[in-house]
Every structure is written in structure tokens, then in C-alpha cells.
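Asks: Could you have a look at this structure, given as C-alpha cells, before my questions?
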Amino acid sequence: MKNLYLIAILIAQITFAQDFKFGKVSKEELQEEKYLQDPSANAAVLYKKQSTYFSFNAVESTLVTEIHERIKIYNKDGFDYATHFIDLYQSGNSEEIVSGLKAVTYNLIDGQIEKTSLDKKQIFETEVNYNYNEVKFSMPNIKEGCVIEFKYKITSPFIWNIDEFVLQYDIPIKKVEASISTPDGLNFKETIKGFIPFYGKPGKSYNDTRVKEYNLVHVPALKEERFVDNIDNYRAGVVFELKSIIIPGVVHKTYSSSWADVAKTIGNTNDYETQLDKSRSFDDELDPILANVALPEDKMKAVFNYVKSHIKWNNMDGKYFYQGIKKALQEGKGNAADVNLTLVAMLRYAGINANPVVLSTKDNIIPIFPTIDRLNYVIAHAEINGKAYFLDATSEFSDINILPIKDYNWKGIYIDNNNMVWKSIDISKPPIAEELNMLSGTLTEDGAFEGKIRARYTNHNALLFRKRFKNEDIDAFVAKKEEKLDNIEISNYEAKNTDTAEGYVMETFNFKHESLASSVGDKLYVNPILFLKQKENPFKLEKREFPMDFGFPFQDKYNITVKLPEGYVAESVPAPLYLKIPDNLGYFKFKVVVNGSMMQLAASLEINRAMIGPDKYLFLKEFFNQIVIKEEEQVVLTKV
């Protein structure tokens, strides 16, 4: 056993002592048929090197990042990794640029290495939004077993904004080397993230420059599963934030030492201190709608609805103005700050205590330390008679304290310049969202079923339903529902209260199914939850390091009544079941009763918390496993 261990170490040393110089791809790499540590991998990164450093001259200061990657593609399912994207940040007249892009595909043909270089005509740059351009290229001559390799350099004028070192992908990485060089006087906070244990070590310093290196081998793939807020939050990497500038005798400045400092820094910007906080009148816009409104809660609702209907969100995030209040009102559109900071200003005009709350959305990242750069959004906060309200007017179907799901991410930074209050606060938790399905129908002796469904959706279930319903043709919407519900045939479909953000949504429809029960001899086998059952367990990993994010707490209820075919009695009925998740996190109830010619099912599933920690993963996995098993059970009917 000891000899085998020494052999394994020797193999690893040989593997990682190989020449990773660009262009030095070996036959052994091309002949490799699978990644031994993860044979299921469709591709693997053989080598990644990232070097980030500062460049100073008499004209400008820049931040430079050099990238070199070598990727093995094992089969056709790995072809997607032959396409690469480079995000380039821009702001005003300043922008990041990419240079020195070189890419080659290697194939082994008749024992010889064939090289195919990327044609510069196959490199495309597009503008994603007003803050980002994207460079995209797809490698040529991709075949099963090939190796691709590329390198490039990004030069950035935004010297304080160091991109995260991404050290884990959704495919395994054999070897990754990353280094950062910073000049004395510029001090960056370095935070390691993810669940793979690693650390940085000092590298060789030079010319008053400090070097930190991160070297990892055999980094496993980060496999995504359902109910994840943002998988990038849990990806191994290093996040950087400027902590201080200390040049003796010249400057000594500290940044972002606490969340209160972050809030005060943002609050002291022109957008918040001048544009938002200066006195302004909205008499033309608001006086007519506030004239006959007395209660402050009603005034808040009126102003909220006015902003939603008069300023459309342009799908751009932002904690600072893109248009400004005046222009956003004139043009009727703007980014998140234009919409929600205008909302704050208008609420103040209506006499309501309102202030902005800056946050990071779920599709951005969880800010794991006090930071300005990693906050990308702003919503409105109002307080009436000691009660807090959160509002986001960017979504047509959001409501007061019913925010878009992306907003429920960690905490928010509360900015009240007028009262000099700058702090972090909790965002209100989403209320429980209900889905109630009431179904009644008749089962025939040949297994066909005909009936009617009435379904009701509240809170975030209603919000999501409205978004789906509005953005799709009604026939396509119904067709998708038919397919989802075991290919039933739907008629007389109707959905009510879909064009407003208030109240619940109700949908009703009739349906037919040709073979909902199976017949064997004189017996009929029917699933009592019919086509509404949970088809599979959403949790499949052996273990999970990151939390389960359901978006919002929910309760799904099913009340089903079935008239059985004449002459049949129940021979067996599934036993009732009541399951609970520890710490009152949720439950599942299931009960079937057959009384004469009527079969009734009452079932309910409730998850009481939007976010559940990974320590409860195995409980949740088994909880849903038992649900799937129970909902597969059938009522056996015998003809008499």
C-alpha cells in the first residue's frame, strides 16, 4: 500500500511538472480518454494561469490581467467549452480592452498533432449593456478528444477594481496558478470564498511590489442543483476590495472598514446627497392623485403605483442614476436607481418618511465583507407609524413588501442623510405564498378522466404566474400547461386578476385525460393525486455544501374529489402520511379516503423558510424522496 501511495505521488509530480508553455500540448494530453478523478466529466481544464498586476507610466496607470487556459474535450457533450466569453467593463469614456488574443485547437491525426489557429474574423465584440462589452470566440475544428488553448490580456483603467480570481468551474481543473502583484501603499482585502480549503502564499516580491500566489490541483467541478440562489457565491475563488492607500507623507486613506462607512460613502455621493436629497416639487405629477387620499398607507400605495406606471425599468441594475429623476420622468424609463430613487423622492413629497436601501441582488453576489463595488441595486424603504415597508417599482407585478425575488439577498444598506443614519438592515422576509388546487372529476371504467380545476395563487406565486402569463400567447401558455400536466386536454381556460399586482390570481379550466387509470383484469389502478404529483426528487447530490434557496416560503395544497366508476369498490388505499422537517422548517400531509363511489385526497406541502442551510440537506433530500414515493402509490379498485 505504501509503494502504491509513493507511485501515486510520483505520477502527480510528473503530471504537474510538465511544460504548460503555450503551444506545448503533448500527445499524452490528446490521448487522454477521461479525467480519472471524475470520469463523468465531459471536459476538464488541464491548466489555467492568471496573473494580475499594476502598470504605471508617466501617462496612465492600468490594471493588467493575463489569462492562459488549456482545456481537454473528451466527448461531444463537452463541445460547449470550446466557446469562450470575455466581459469588459466600461464607464463613461473609460473602458477595458483585450489584446494579444491567441487560440489554437489541437487534434491527434494518425499519430501526428494537427494545429488549427483561431481566425481573427471569428472574434466578435458586442455591447451587452451600458456597463459591459463582451468578446466572444468559438474554437475551430473541434472534435472529440481535442485540446484547446487560448491566452489573452485585459488592460483596465479601473485600477481599484480587481476582478475575482475564479478558481473553480463546472468542469474539473487539473492545475490552476493565480497570482496578484500589488505595489506598496495599495492595500487590498483578500477574501477566500467557496468550500475548497486553500490559501495564498507570498510570492517573490520585486521593485516595492508584493506578490500573493494561489496554486491548486485537482479542483472538483462545482455541480449545480436546483434551488440555488447564485452558484457563483459558492465557487472557489478570491475576492479583492481596496482597503486603504497609505503612502507615508503623502496620503493615508481607509475605505469600507464597516457597513456604516459603506452607507455613508454612498450617501455622500452626488446622486444621493444632491440629486435625491435636495428639495423638489412633484405637484404636477402627484397632487392630482393625492388630493383625496388621507391615510399615509394609501398615499404610499398611490405613489408606488404612479412610479410603476410612469417609469419603466430598462432592465439595467444600478445604485446610481443613469438618467436622473427629471429625465427619467420625461422619457418614462430608467435603470433601477432612476426608478427607485425617484420613488423615494416622491414618497417624501407625499409626507412619508422614505429612504433608499442599497443592496446586491441574487444574480450579482452575496457581499461577504463591507464593500461598495459589489452592491449593484437600490430599493425604497418607507416607515409609517413605526412599521417598515420595502418597495421596488422596477417590476410591474411587485407590491409593497412583495419584492422581486432577486432582492431578497442578504441585507441592505440603509441611507438616511437627513438624519445622518447609515447602517445595514435586514430586508423584510417574503411572506408565505400559497398555491391551492381544487380538482373534481369523474373516472370511467376504461381509465379515462374528465373534470375541472380551480387553482388559486397568492403573493410570490401570483407574481410569478402574472409574469409568465403576460409574456406568452394564451394558446402557447395553455399548451405548456397541458404538457406539464401529463398531456391532459384543456378547454374553457380562464385566468382572473392577472393584470394587477394586488390580490390573488385564480385560474380555472376543464380537462380530459384518456388513460389516467390502468386496468388489469377486474381491477383499476389510479393514482389519487392524478397528474399533480411530484415526479422526481429535486435533490440528487450525495452531499451539499451550499444552502437551499426556495426563493420564498410556500404552501401547496391539493383537494381532489373523484367519482369512481359504477360497480367498483376500493380494495386498498395508500396509508396516510405526515412528515416534518426538523426545526419546524416544513411538513407534508397526505390522506386518501374512499367513501362509497367517491375518492377524496387532501395533501399539503409547506416549506416555512425561503433559505435553508446545508446542514439540513440530508433531511430535505429524504423528505422529498418520501414525498415522491408516497405520491406514486395507487388506489386499487375492484369490480363487484
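Here UniProt numbering is used: the first residue of the sequence shown is 1, the next is one more, and so on.
Cβ coordinates follow ideal geometry from the N, Cα and C atoms, glycine included.
In this text, all values refer to a predicted model and were calculated from it rather than measured experimentally.
#1: Give the range of the beta strand (DSSP E) segment to which Ser518 is assigned.
#2: Can you list, in chain order, the residues of its chain with a C-beta nearer than 8 Å to that of Ala610? Leave out the 5 residues immediately preceding and following it.
#3: Per DSSP, what are the beta-bridge partners of residue 643 in this structure?
#4: Return the residue from the list Asn461, Val239, Ile490 and Ala178 that minimises the CA-CA distance to Ile474.
#5: Start and end of the alpha helix (DSSP H) containing Phe619?
#6: Does the region 309-325 come within contact of the region 337-345, defined as at least 3 CB pairs closer than 8 Å?
#7: Under the three-state reduction of DSSP, which class applies to Asp556: helix, strand or coil?
#8: Starting from Gly586, follow its DSSP beta bridges and name the residues at the other end.
#9: List the endpoints of the continuous alpha helix (DSSP H) containing Glu482.
#10: Compare the C-alpha of Glu445 against each of Ser91, Lys333, Ile192 and Lys523 and name the closest.
#11: Using beta-carbon positions only, say whether Leu167 and Ala236 come within less than 8 Å of one another.
#12: Using only the alpha-carbon positions, how far apart do Ile266 and Asp38 sit?
#13: Note down, in chain order, each residue of its chain lying with its Cβ closer than 6 Å to the Cβ of Val303, except the 5 sequence neighbours on either side.
#14: Pull up the distance between the alpha-carbon of Tyr74 and that of Ala41, whole angstroms please.
#15: So if DSSP puts Gly412 in a beta bridge, which residue, or which two residues, is it bridged to?
#16: Taking the runs of the beta strand (DSSP E) that are 3 residues or longer, which of them lie wholly in the region 194-262?
#17: Tell me which residues share the same chain as Gln31 and place their Cβ nearer than 7 Å to its Cβ, disregarding the 5 neighbours each side in the sequence.
#18: Taking the alpha helix (DSSP H) that Tyr306 falls in, what are its first and last residues?
#19: Quick one: measure Cβ to Cβ for Lys120 and Tyr106, integer angstroms, because I've assumed they're closer than 8 Å.
#20: Please determine if the region 81-93 and the region 205-214 are in contact, where contact requires at least 3 C-beta pairs separated by less than 8 Å.
#21: Express the C-alpha separation of Leu579 and Gly586 in angstroms, rounding to a whole number.
#22: Quick one: is Gly521 buried, meaning 16 or more other Cβ sit within 10 Å of its Cβ, or exposed?
#23: Reducing DSSP to helix, strand and coil, say where Val339 ends up.
#24: Just confirm the distance between the C-beta atoms of Pro574 and Glu633, as a whole number of angstroms; I'd bet it's less than 8 Å.
#25: Three-state secondary structure (DSSP) at Glu149?
#26: For Ile148 and Ile627, what's the separation of their Cα atoms in angstroms?
#27: List the residues that DSSP assigns as beta-bridge partners of Ser281.
#28: Under a Cβ-count criterion, where at least 16 other Cβ atoms within 10 Å of its own Cβ denotes burial, should Pro197 be classed as buried or exposed?
#29: Tell me which residue opens and which closes the beta strand (DSSP E) that Glu114 is part of.
#30: From the DSSP output, which residues share a beta bridge with Arg70?
#31: Helix, strand or coil: how does DSSP classify Tyr81 here?
#32: Put Pro356 into one of helix, strand or coil per three-state DSSP.
#33: Does any heavy atom of the ligand GDP sit closer than 7 Å to the C-beta of Ile231?
#34: Curious, which full-length beta strand (DSSP E) runs of at least 3 residues does the region 372-397 contain?
#35: Given a cut-off of 8 Å on the beta-carbon distance, is the pair His310 and Leu329 in contact?
#36: Assuming contact is defined by CB atoms lying nearer than 8 Å, are Phe390 and Arg466 in contact in what I supplied?
Replies: According to the structure data:
#1: The sequence position of residue 518 within the sequence shown is 518, counting from 1. Ser518 -> beta strand (DSSP E) spans Ala517 to Val520.
#2: Working through the sequence shown from its first residue, we reach residue 610 at position 610. Result list for Ala610: Tyr408, Lys429, Pro430, Asp549, Phe550, Gly551, Phe552 and Pro553, in chain order.
#3: Residue 643 lies beyond the residue range present for the chain, which begins at 1 and ends at 640; the question has no answer from this structure.
#4: As a first step, residue 474 is located in the sequence shown; it is residue number 474 there, counting from the start. Nearest C-alpha to Ile474: Ile490.
#5: Start at 1 with the first residue of the sequence shown, and residue 619 comes out as number 619. Element bounds for Phe619: Tyr617 to Glu632.
#6: yes
#7: As a working note, residue 556 is residue 556 in the sequence shown. Asp556 falls in the strand class under three-state DSSP.
#8: Start at 1 with the first residue of the sequence shown, and residue 586 comes out as number 586. In the DSSP output, where bridge partners are listed per residue, Gly586 has Ile581 and Ile607.
#9: Numbered from 1 along the sequence shown, position 482 holds the residue referred to as residue 482. Note, Glu482: alpha helix (DSSP H), Ile474 to Lys484.
#10: Stepping through the sequence shown from its first residue, residue 445 is reached at position 445. Selected option, being the one with the closest Cα: Lys523.
#11: In the sequence shown, residue 167 corresponds to position 167, counting from 1. In the sequence shown, residue 236 corresponds to position 236, counting from 1. For Leu167 and Ala236, yes; Cβs fall inside 8 Å.
#12: Taking the first residue of the sequence shown as position 1, residue 266 is located at position 266. Taking the first residue of the sequence shown as position 1, residue 38 is located at position 38. Going by the C-alpha atoms only, they are around 46 Å apart.
#13: Stepping through the sequence shown from its first residue, residue 303 is reached at position 303. For Val303, where only same-chain residues beyond five positions count, the Cβ hits under 6 Å are Met346, Leu347 and Ala350.
#14: Along the sequence shown, read from residue 1 onward, the residue named residue 74 stands at position 74. Along the sequence shown, read from residue 1 onward, the residue named residue 41 stands at position 41. Rounded to the nearest angstrom, the two C-alpha atoms are 8 Å apart.
#15: What you label residue 412 is simply residue 412 of the sequence shown in a count that begins at 1. In the DSSP output, where bridge partners are listed per residue, Gly412 has Ile425.
#16: 209-219, 237-247 and 251-254
#17: The residue labelled residue 31 in the question sits at position 31 within the sequence shown. Same-chain partners within the cutoff: Leu108.
#18: Indexing the sequence shown from 1 puts residue 306 at position 306. Start and end: Pro296 to His310.
#19: Position 120 of the sequence shown holds residue 120. Position 106 of the sequence shown holds residue 106. Not a contact, Cβ separation roughly 19 Å.
#20: no
#21: Residue numbering aside, residue 586 sits at position 586 when the sequence shown is read from its first letter. Residue numbering aside, residue 579 sits at position 579 when the sequence shown is read from its first letter. Rounded to whole angstroms, Gly586 to Leu579 spans 8 Å at the Cα level.
#22: Your numbering for residue 521 matches position 521 in the sequence shown. When all chains shown are included, Gly521 counts as exposed.
#23: Taking the sequence shown and counting its residues from 1, the one referred to as residue 339 is at position 339. Reduced to three states, the DSSP call for Val339 is helix.
#24: Translated into the one-based positions of the sequence shown, residue 574 becomes position 574. Translated into the one-based positions of the sequence shown, residue 633 becomes position 633. Yes, they are in contact, since the Cβ atoms of Pro574 and Glu633 sit about 4 Å apart, within 8 Å.
#25: Residue mapping note: residue 149 aligns to position 149 of the sequence shown, counting from 1. Strand, per DSSP.
#26: Position 148 of the sequence shown, counting from 1, holds the residue named residue 148. Position 627 of the sequence shown, counting from 1, holds the residue named residue 627. Distance between the alpha carbons of Ile148 and Ile627: 45 Å.
#27: In the sequence shown, residue 281 corresponds to position 281, counting from 1. Note: Ser281 sits in no beta bridge, so no partner.
#28: Locating residue 197 in the sequence shown gives position 197, counting from the first residue. Counting Cβ neighbours within 10 Å, Pro197 comes out exposed, since fewer than 16 surround it.
#29: Taking the sequence shown and counting its residues from 1, the one referred to as residue 114 is at position 114. Unbroken beta strand (DSSP E) run through Glu114: Gln112 to Ser117.
#30: As a working mapping, residue 70 is identified with position 70 in the sequence shown. Paired residues: Tyr47 and Glu149.
#31: Stepping through the sequence shown from its first residue, residue 81 is reached at position 81. Three-state DSSP puts Tyr81 in a helix.
#32: As a first step, residue 356 is located in the sequence shown; it is residue number 356 there, counting from the start. Strand.
#33: The model on display carries no ligand, and the ligand GDP is accordingly not part of it.
#34: 377-384 and 387-391
#35: Residue numbering aside, residue 310 sits at position 310 when the sequence shown is read from its first letter. Residue numbering aside, residue 329 sits at position 329 when the sequence shown is read from its first letter. Their beta carbons are under 8 Å apart, which means His310 touches Leu329 by this criterion.
#36: On the sequence shown, position 390 is the one that residue 390 refers to. On the sequence shown, position 466 is the one that residue 466 refers to. Going by C-beta atoms, Phe390 is not nearer than 8 Å to Arg466.
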